[in-house]
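Chains A and B, in that order, are what the protein sequence lines are.
This note's numbering puts the first residue of the first sequence at 22, with every later residue one more than the last.
This note's numbering puts the first residue of the second sequence at 2, with every later residue one more than the last.
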Amino acid sequence: ETGVTQSPTHLIKTRGQQVTLRCSSQSGHNTVSWYQQALGQGPQFIFQYYREEENGRGNFPPRFSGLQFPNYSSELNVNALELDDSALYLCASSPVDTDTQYFGPGTRLTVL
Amino acid sequence: AQSVTQLDSQVPVFEEAPVELRCNYSSSVSVYLFWYVQYPNQGLQLLLKYLSGSTLVESINGFEAEFNKSQTSFHLRKPSVHISDTAEYFCAVSDQGGNTPLVFGKGTRLSVIA
Chain A
22 ETGVTQSPTH
32 LIKTRGQQVT
42 LRCSSQSGHN
52 TVSWYQQALG
62 QGPQFIFQYY
72 REEENGRGNF
82 PPRFSGLQFP
92 NYSSELNVNA
102 LELDDSALYL
112 CASSPVDTDT
122 QYFGPGTRLT
132 VL
Chain B
2 AQSVTQLDSQ
12 VPVFEEAPVE
22 LRCNYSSSVS
32 VYLFWYVQYP
42 NQGLQLLLKY
52 LSGSTLVESI
62 NGFEAEFNKS
72 QTSFHLRKPS
82 VHISDTAEYF
92 CAVSDQGGNT
102 PLVFGKGTRL
112 SVIA
């Protein structure tokens with residue numbers, strides 16, 4: 022158990038729709054990162070938030086956006102869904118001044 | 002940009018046999034290396050990490066990995082595997098520390114055969 026939870030577990034959407042994925046971290050984990058893991062691939066970094074501000078971004082278009090809240094929860098929003106957005110989305114959080122990211126179980130998104 | 006190559010996509014091995022999962026990374030001035038394990042339908046769990054110091058790092062469940070700077074490798078080994086080790090293993094690298102964005106390899110599927 023990492024203390025990081027994600028909801029929902031599974032989600033099915035259609036092309037063009039919008040989706041919000043949620044992550045809840047442990048108290049004191051003020052850094053959160055989101056990763057996309059396509060089938061048969063390793064996770065790819067989407068973006069990171071630190072103290073509610075975006076702190077780095079991977080090679081993902083602006084329709085991928087996020088929020089981090091003071092209660093150590095965060096959201097990943099994806100607009101105008103495309104078929105290629107089908108993947109496992111992982112949230113990872115870290116306490117300040119540590120070298121370990123704790124991953125949640127992920128949300129499996131299917132876009133039809 | 003950093004990159005990670007996991008040379009084997011699948012590794013079948015008999016129970017109690019030794020195993021090595023290979024990982025090579027692109028060279029950088031500073032590098033931090035990680036192995037994560039993913040069991041079916043679960044997220045990633047940190048297995049072990051190299052940040053600095055001793056080049057041989059160990060996990061609590063018998064895995065070990067050795068940082069080899071000259072060969073830019075961080076291979077994962079276990080002298081005797083169990084059925085419960087069946088999982089997907091990911092090697093990852095960061096050039097700024099474990100709290101910063103990780104670059105992952107494509108993974109190696111370890112299948113332990115009874």
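Note that the Cβ used here is the ideal one computed from N, Cα and C, for glycine as well.
Query	Result
For VAL82/B and ALA18/B, the rounded distance between their alpha carbons	6 Å
Under 8 Å from the C-beta of LYS50/B: neighbouring residues of chain C	The structure shown contains no chain C; its protein chains are A and B.
Extent of the continuous beta strand (DSSP E) run through HIS83/B	Where HIS83/B is concerned, there is no enclosing beta strand (DSSP E), given that its DSSP letter is neither H nor E.
Buried or exposed (CB count within 10 angstroms, at least 16 for buried), GLU73/A	exposed
Whole-angstrom distance between SER10/B and GLY61/A, CA atom to CA atom	9 Å
Span of the beta strand (DSSP E), counted from its first residue to its last, around GLU65/B	65-69
Residue closest to ILE67/A, alpha-carbon to alpha-carbon, out of PHE85/A, PHE124/A and TYR123/A	PHE85/A
Counted within 10 angstroms of its Cβ, other Cβ atoms place TYR90/B as buried (16 or more) or exposed	buried
Nonlocal neighbours in the same chain, by C-beta distance under 8 Å from VAL30/B, ignoring five residues either side	ASP96
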